[in-house]
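Below you'll find the structure, written out as structure tokens, and then a few comments.
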Amino acid sequence: MSLHPQAVHFPIALLLVSSILTLWNERRPHHELAITARWCLKIGWWSSLLAVMTGILAAALAFDQIRQQLTWINSHAVVSLSLVTVYWRLVLGKPLPAASQKRRHLLGIGLIVLAGWLGGQLSERI
């Protein structure tokens, strides 16, 4: 049994909450909100690495059974790795212009939605 389906829920929730809180904090700045968003970002990013690793392991162990779904698997993998990359710049904590940070969070939300949709398609097909 693969741990990947269970592991993906933490980064999805935490990264979404982080982005939403960060975007909200731009409108109504509050120190505690920024701290909460930062912790959600850090924990969500590290848990996204776990989700990616469990996904790679699951695909490797079941390769013979999933060979016909490689296009979906590769699409899901590319989007998921892009998601990790987009949030990595935010995890580093280096200052970004506000507009750049906002675009990165919005892109992250879009990638989370797309990765989730592709993962759902995979779970139905496999």
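Just so you know, we're using numbering that gives the first Met the number 0 here: the sequence shown kicks off at 0 and counts up by one. Every residue, glycine too, gets a C-beta built ideally from N, C-alpha and C. All values reported here derive from a predicted model rather than from experimental measurement.
For A50, the three-state secondary structure derived from DSSP is helix.
Q5: member of the alpha helix (DSSP H) spanning 3-6, first to last residue. The alpha-carbon of L89 is positioned some 32 angstroms away from that of Q68. For L14 and R66, the gap between their C-alpha atoms comes out near 30 angstroms. L110 is not a Cβ neighbour of L91, given a cutoff of 7 angstroms.
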